[in-house]
Amino acid sequence: MDHEDEEIEIPNYFICPISLDIMKDPVIAVSGITYDRESIDKWLEKVSSCPVTKQPLPSDSDLTPNHTLRRLIQHWCVENATLGVVRIPTPRIPPGKPNVVEEIKNLKKFGDEALAREDTLRKLEVLAMEGETNMRLMHEGGVHRSLILFVVKCTRKEEEEAQRRIKVQLDESLRLLHMIGVPLNDARTILMENDRILEALSLVLSQQNFINKAYIIVLLRNLTENTSSHIVERLNPEILKGIIGFLEEVVSSFNRTSPNVSHTAQSSNPRMKNKVHSKLDYSLVIKQAVTAALMILLETSSWSRNKHILIDLGAVSQLIELEISSTCEKRATELVLGVLSRLCCCTNGRAEILAHGGGLAIVTKRLLGVSIAADDRALSILSTVSKLSPEKAVVEEMVCVGTVEKLCTVLRVDCGLSLKEKAKEILSDHFDELKKFPCIDVRLLTKFLSSSHEDLLAEFYSKLNV
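Position 320 of the sequence shown, counting from 1, maps to 320 under UniProt numbering, and the rest follow consecutively.
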């Protein structure tokens, strides 16, 4: 309505019971009530009952277009056009359930042959973009399983020539698989049912396509999140190498003059240029992949074998570079510090943190700046490194990068008691070495170590009040 000077009486039956707006695409639910299609679709994604009658209404139940009511609404809009009423356009017919079922039938009938046809993948992608209902139908029809098996076939070494011919279909399959995801109940068993899947994912990670690597890492996280711990523990080192390589590429994209992750995704796949294949935000895909990669590294680093593999693959350096280059997003920072806290349990891991010019510096910077979880992990790293590394080298680094000053701040401010105890322990253990540095105020440091936490906190608040 553009006209505000005169009230316009709108017939009640033009109004959607959910949105309370004039219906643009009125449809009749099986309960007999008419709703606007967009409103009832969103409702049924969360609640499986009719908003008015409360009777059961499955999310895949038929919605019949109410053409008569739509024409009445359009006619009324035209009659009131002089009063500022804008005509509602005739809605396009959505692909809907019949089309999804038909494509799933074709997929089951023709298998890989259907997926090898680009139009099949395009149709499925368009259907997936229509909403949760279509994606759920795809899950029920096993589309995600067909796509995973197709990816496996595309990466078989004995079919290298065929792999070149169907590279485009591989890209399309991975994007569609990312869109629809893998349902939780299937994710728990897929890897155990086919031991070639991990090998196929590893091969894609070793290829050049940056966005495909992102899809694979998110998929791998979905497949391993609730699966047997044995699978996570024994992940192929080549997969871990691929994940670390992906993080290295992300860091490189951050460090460019004009860092643009979506540009990186497009440059790795020229077919994306001037073609909008889907509604995927590639920057969001990369962000999801970074989080998934860090979660995989955190889980795998629980085992000693994997700790050493990750350290040998350069994980410590890449994680530090990632944290230095990033914008300090809470979840990513917590995960990075979590992995580093586990890797620094190894002698080589501690040595890598000290050898990197920004190792202790970035850990110190994140302390008291992100979250309680990040604080705990940062202090765990500082405690382990300072306790089990050569004292002279570690204390010198701590003084240079401001770690000592930050630990004193931990003792003064209002934070957890366990954090204060760790900070005091680190400073106490190296007190004799710290006294040798002219920049250290020994009198003040002695006061911090000898005073109770309550006294230091009271002094801190008294200065704030002043």
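All residues carry an ideal CB built from backbone N, CA and C; glycine is no exception.
Whole angstroms are fine: how far does the CA of residue j sit from the CA of residue i?
i           : j    : result
V276        : H139 : Residue placement at V276 cannot be trusted, given a pLDDT of 39 that sits under 50; what the coordinates show is reported in the next sentence. V276 and H139: Cα-Cα distance of roughly 24 Å.
A81         : I10  : 13 Å
L177        : L368 : 39 Å
T409        : I324 : 22 Å
V101        : L147 : 16 Å
A351        : L456 : 34 Å
S31         : P58  : 11 Å
W303        : E425 : 28 Å
F448        : S428 : 10 Å
E396        : V336 : 24 Å
R37         : K46  : 15 Å
T64         : I40  : 12 Å
V143        : D119 : 15 Å
L20         : T327 : 42 Å
G402        : D171 : 47 Å
L137        : E299 : 32 Å
N222        : R188 : 9 Å
K241        : Q207 : 12 Å
S267        : R175 : For S267, the predicted structure reports a pLDDT of 48, less than 50, and the residue's modelled location is therefore unreliable. A value from the coordinates is still provided. The alpha-carbon atoms of S267 and R175 are separated by roughly 16 Å.
V250        : K436 : 41 Å
S301        : T53  : 53 Å
R87         : E79  : 9 Å
residue 535 : I239 : Coverage of the chain is limited to positions 1 through 466, which leaves residue 535 absent and any answer about it impossible.
D62         : R145 : 26 Å
V442        : L407 : 14 Å
E454        : P56  : 60 Å
S341        : K307 : 11 Å
I372        : K365 : 14 Å
L417        : L44  : 48 Å
L444        : S462 : 17 Å
N274        : D414 : Note that N274 scores 39 on pLDDT, short of 50, meaning its location in the model is unreliable; the coordinates nonetheless yield the value given after this. The straight-line gap from Cα to Cα measures roughly 54 Å.
A332        : L107 : 38 Å
D281        : A29  : 33 Å
N260        : S253 : Model confidence at N260 stands at a pLDDT of 45, short of 50, so the residue's coordinates are unreliable and nothing is read from them.
H356        : G349 : 11 Å
Using alpha carbons as the reference points, say which of the options lies closest to residue i.
i           : options                : result
N255        : E405, E321, N348       : E321
L343        : K330, G359, R331       : G359
S389        : C345, T364, G314, A361 : C345
K330        : G314, W303, T347, V290 : V290
V285        : N212, L434, K307       : N212
residue 528 : I18, L69, E396         : This structure gives no information on residue 528, because the portion of the chain shown stretches from 1 to 466.
P51         : C16, V385, L337, H144  : C16
C439        : H308, V399, V47        : V399
L294        : V339, A361, N306       : V339
T446        : H430, Y461, G141, T227 : H430
L203        : I244, A128, C154       : C154
E334        : D375, Y461, G245       : D375
M129        : M179, I372, N106       : M179
S452        : D441, Y282, E421, I104 : E421
F460        : D312, R377, R412       : R412
R156        : K42, T133, I197, L444  : I197
T133        : A292, A29, A458, K42   : K42
S386        : A29, C415, T347        : T347
Given a cut-off of 8 Å on the beta-carbon distance, is the pair residue i and residue j in contact?
i    : j    : result
V218 : Q288 : yes
S173 : F210 : no
L379 : A423 : yes
V370 : L382 : no
I8   : L83  : yes
T34  : N66  : yes
A214 : V152 : no
I391 : E433 : Inspection of the sequence shows that residue 391 is occupied by Glu rather than by Ile. Yes. Within cutoff.
I216 : L297 : no
Q318 : L247 : yes
G141 : I104 : yes
L354 : V394 : yes
T311 : P237 : At residue 311 the sequence reads Ile, which differs from the Thr that was named. Not a contact, by the Cβ cut-off of 8 Å.
Is there at least one non-hydrogen atom of the ligand MN closer than 7 Å to the beta-carbon of residue i?
i    : result
K365 : Ligands are entirely absent from the displayed structure, and the ligand MN is therefore not among its contents.
When DSSP builds the beta bridges, which residues end up paired with residue i?
i           : result
P65         : V27
P183        : According to DSSP, P183 bridges with nothing at all.
Y35         : V27
P56         : S49
residue 467 : Nothing in the structure corresponds to residue 467, since the chain is present only between 1 and 466.
Counting only beta-carbon atoms, is residue i nearer than 8 Å to chain B?
i    : result
S371 : Reference to chain B is not applicable here, since this structure consists of a single protein chain.
* **Cβ pair count under 8 Å reaching 3, the region 191 to 207 against the region 123 to 137** => no
* Contact between the region 172 to 191 and the region 232 to 252: three or more CB pairs below 8 Å? -> no
* Answer yes if the region 62 to 80 comes into contact with the region 21 to 29, meaning at least three C-beta pairs across the two stretches below 8 Å, and no otherwise. => yes
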